[in-house]
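**Q**
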Amino acid sequence: MRKRLLALLLACAVLALAASQKKLPKPGWNLFSKQQDVDLGREYAQQVERQMTVVPNRELTDYVNRVGMRLVRQGQLDDYPYYFRVVQEDSINAFALPGGPMYIHTGLIKAAENEAQLAGVLAHELSHVVLRHGTHQATKSQFVQLGAILVSGAASRGGGLSGALAQLGVGLGAGSYMLSFSRGMEAEADLMGAYTMAKAGYNPVELARFFEKLEAQGGNQNSMVARFLSDHPSPGNRIQAIEDQLPYMPRGPYTAQAGDLKQAQQVVAQLAPVKQKARSADAGGASPNSQQPTAPTVTSVVEMPRIEVSGRFKTYQGGEVTFSYPEEWNVTIGSDQSLIVSDDKGMVGGAVGYGIMAYVLPAKDGRVQLLSDTTAYLKGLAGSSPNVRTEAEPSSITVSGSPALLTRLTSDSPYKQQRETDVVLTIDRGSKLLVLIFVSPTAQYSTLEQCFKKVSQSVRFSS
Ligand code: ZN
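The working numbering puts the first residue of the sequence shown at 1, with every later residue one more than the last.
The following block contains the structure:
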């Protein structure tokens with residue numbers, strides 16, 4: 001009796017243990033081949049290196065490759081042509097492109113407390129690559145059109161695969177407004193990243209610790225981490241989720257906690273400052289980041305409300321333009337034919353606290369020059385709005401067949417002590433520049449991001 005009871009208890013314990021061990025995630029449904037992931041990553045990597053400053057320092061590059069390749073090899077990750085480069089950017093971020101290339105901001109190297117934390121971000125990003133989250137997401141959202149593109153060889157014509165995807169409003173590269181991962185994908189990347197770290201001798205808890213530290217700072221509208229957090233939304237309680245799985249991971253002692261991070265940080269500290277590159281290779285001119293006039297800070301007394309949207313949309317049609325917008329918002333048409341789409345709480349005095357603004361600007365010489373007109377427009381914006389900062393320089397997309405640029409700014413919000421994120425979409429309509437500005441307090445940007453994407457993807461022109 002007793003023996004049987006013990007056996008029963010043991011069986012229960014084993015069952016309970018087995019039930020709580022999460023299976024390692026596998027890549028989801030995907031119309032792209034692995035080779036297409038690699039091709040796409042190469043195209044985006046070229047764009048990235050035109051837009052960002054890759055640090056040519058050998059010691060630093062060797063260091064991040066050492067950490068990255070240790071994760072790849074000891075973590076037994078799928079075979080891709082991985083490489084790791086450092087880009088001179090103060091914000092705390094790193095991003096991997098489909099098929100292997102990874103770029104690590106100097107800001108991340110500075111912010112990490114030990115090598116395990118840096119490895120944690122790399123392992124998380126590597127997991128997105130191995131799980132093919134970018135192309136999986138594109139497959140899910142655009143599978144009908146993608147099927148045609150991927151089999152027709154449309155990609156082999158000018159512009160490549162990334163150009164063909166841009167036609168669909170899909171961007172998977174850096175600075176791409178169209179890509180942020182779902183919470184489910186984040187949980188997968190955390191789990192796989194943690195296993196990868198453990199196999200490579202890093203304490204997996206450092207991954208969660210670092211992410212939670214960033215989340216704590218990001219709640220404070222820290223623009224240095226805002227982008228990272230919006231690209232990688234928290235699946236919730238990362239430390240607990242990883243600790244729950246620790247019993248199933250390769251156990252320590254973990255030997256690579258501090259590593260050579262201190263030396264790498266010294267190299268970063270000694271780098272000469274760089275000028276921001278212009279976003280487009282043939283732009284040649286100054287970036288809109290340089291020498292922007294700064295308006296004085298406005299002190300507001302209006303508290304930021306909690307923003308809620310149902311996710312249901314209605315359609316606006318005016319002139320040649322049609323787009324969807326959240327059903328609880330209203331469209332107001334100004335005397336200058338400008339549009340404001342928001343609700344009562346979104347309007348603060350005459351300013352938009354959250355919502356969408358739309359303007360049509362006639363081209364100076366009858367013909368829009370997309371990049372220079374956008375740059376001029378952004379300069380004007382910087383002169384008239386308080387403390388505008390460019391977070392991501394203009395990147396090219398296509399909106400309903402028209403070339404467009406997407407620029408991400410932050411500025412002071414009309415709400416008390418808030419910053420806001422402004423995503424500016426400038427669309428070349430031949431003789432006119434159509435400007436859409438998506439506005440949200442940075443602290444609640446994640447609430448509106450999906451909705452803004454839907455609106456921008458819904459824009460259609462009737463002529
Ligand atoms: Zn992520």
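Ideal Cβ placement from N, Cα and C applies to all residues, glycine included.
(1) Compute the Euclidean distance between the alpha carbons of residue 420 and residue 411, then round it to the nearest angstrom.
(2) Taking DSSP as the reference, what is the three-state secondary structure of residue 374?
(3) How would you call residue 272, buried or exposed, if buried means at least 16 neighbouring beta carbons within 10 angstroms?
(4) Sorted by chain position, which residues of the same chain lie with C-beta nearer than 7 Å to residue 88's C-beta, five sequence neighbours on each side aside?
(5) Going by beta carbon distance, what residues of the same chain come within less than 8 Å of residue 432, once the five residues before and after it are set aside?
(6) Taking residue 395 as part of the alpha helix (DSSP H), name the residues at either end of that continuous run.
(7) DSSP beta-bridge partners for residue 105?
(8) What is the C-beta distance between residue 200 and residue 60, in whole angstroms, given that I count them as a contact (C-beta under 8 Å)?
(9) Could you say which of 187, 72, 40, 91 lies nearest to residue 122 if we only look at CA atoms?
(10) Per DSSP, residue 403 forms a beta bridge with which residues?
(11) In angstroms with no decimal places, state the Cα-to-Cα distance between residue 160 and residue 244.
(12) Excluding the five sequence neighbours on either side, which residues of its own chain have a C-beta within less than 6 Å of the C-beta of residue 175, listed in chain order?
(13) Beta-carbon distances below 6 Å to any heavy atom of ligand 1 define the shell here; list its residues in chain order, please.
(14) Taking the alpha-carbon positions, what's the residue 94 to residue 45 distance?
(15) Report back the beta-carbon spacing between residue 325 and residue 439 to the nearest angstrom; my notes put them in contact at under 8 Å.
(16) Residue range of the alpha helix (DSSP H) that residue 458 falls in?
(17) Closest to residue 31 by C-alpha separation, out of 134, 75, 67, would be which residue?
(18) Can residue 92 and residue 119 be called in contact, C-beta distance under 8 Å?
(19) Go through its chain and collect everything with a Cβ distance to residue 335's Cβ below 8 Å, but skip five positions before and after it.
(20) Just curious, the alpha helix (DSSP H) that residue 357 is in, first and last residue?
(21) On the three-state DSSP scale, how would you describe residue 320?
**A** So, from the data block:
(1) Within the sequence shown, residue 420 is the residue found at index 420, counting from 1. Within the sequence shown, residue 411 is the residue found at index 411, counting from 1. Rounded to the nearest angstrom, the two C-alpha atoms are 5 Å apart.
(2) Counted from its first residue, the sequence shown places residue 374 at position 374. In the structure shown, residue 374 sits in a helix (DSSP, three-state: H, G or I).
(3) Along the sequence shown, one-based indexing puts residue 272 at 272. When all chains shown are included, residue 272 counts as exposed.
(4) As a position in the sequence shown, residue 88 is number 88, starting the count at 1. Taken in chain order, the residues that qualify are 53, 55, 106, 271, 274.
(5) Indexing the sequence shown from 1 puts residue 432 at position 432. Hits under 8 Å: 360, 361, 362, 363, 368.
(6) As a working mapping, residue 395 is identified with position 395 in the sequence shown. Counting along the chain, residue 395 falls outside any alpha helix (DSSP H), though it belongs to the beta strand (DSSP E) covering 389–399.
(7) Taking the first residue of the sequence shown as position 1, residue 105 is located at position 105. Paired residue(s): 87.
(8) For the purposes of this step, residue 200 is identified with residue 200 of the sequence shown, where counting begins at 1. For the purposes of this step, residue 60 is identified with residue 60 of the sequence shown, where counting begins at 1. Going by Cβ atoms, the distance from residue 200 to residue 60 rounds to 20 Å, so no, they are not a contact pair.
(9) One-based indexing of the sequence shown puts residue 122 at position 122. Out of 187, 72, 40, 91, 72 has the C-alpha closest to the C-alpha of residue 122.
(10) Along the sequence shown, one-based indexing puts residue 403 at 403. BP columns for residue 403 point to 398.
(11) Against the sequence shown, residue 160 aligns to sequence position 160. Against the sequence shown, residue 244 aligns to sequence position 244. The alpha-carbon atoms of residue 160 and residue 244 are separated by roughly 44 Å.
(12) In the sequence shown, the residue the question calls residue 175 occupies position 175. Interpretation of residue 175 is limited by its pLDDT of 47, a score under 50 that renders its predicted location unreliable; no figure is taken from the coordinates.
(13) 124, 128, 181, 186, 189, 232
(14) Numbered from its first residue, the sequence shown carries residue 94 at position 94. Numbered from its first residue, the sequence shown carries residue 45 at position 45. Looking at the two C-alpha atoms, the distance is approximately 13 Å.
(15) As a first step, residue 325 is located in the sequence shown; it is residue number 325 there, counting from the start. As a first step, residue 439 is located in the sequence shown; it is residue number 439 there, counting from the start. Distance from residue 325 to residue 439 at the Cβ level is roughly 13 Å; contact not present, criterion being Cβ atoms closer than 8 Å.
(16) Counting from 1 along the sequence shown, the entry for residue 458 is found at position 458. It spans 445–458 - the alpha helix (DSSP H) in which residue 458 sits, taken as one unbroken run.
(17) Your numbering for residue 31 matches position 31 in the sequence shown. Among 134, 75, 67, the Cα nearest to that of residue 31 is on 134.
(18) Translated into the one-based positions of the sequence shown, residue 92 becomes position 92. Translated into the one-based positions of the sequence shown, residue 119 becomes position 119. Contact: no.
(19) In the sequence shown, counting from the first residue as 1, residue 335 sits at position 335. A caution first: residue 335 carries a pLDDT of 46, below 50, which makes its placement in the model unreliable, though a value can still be read off. Once the five neighbours on either side are set aside, residue 335 has no close Cβ partner at all.
(20) Taking the first residue of the sequence shown as position 1, residue 357 is located at position 357. No alpha helix (DSSP H) contains residue 357, which is instead part of the beta strand (DSSP E) from 355–362.
(21) Here residue 320 refers to the residue found at position 320 of the sequence shown. Coil, per DSSP.
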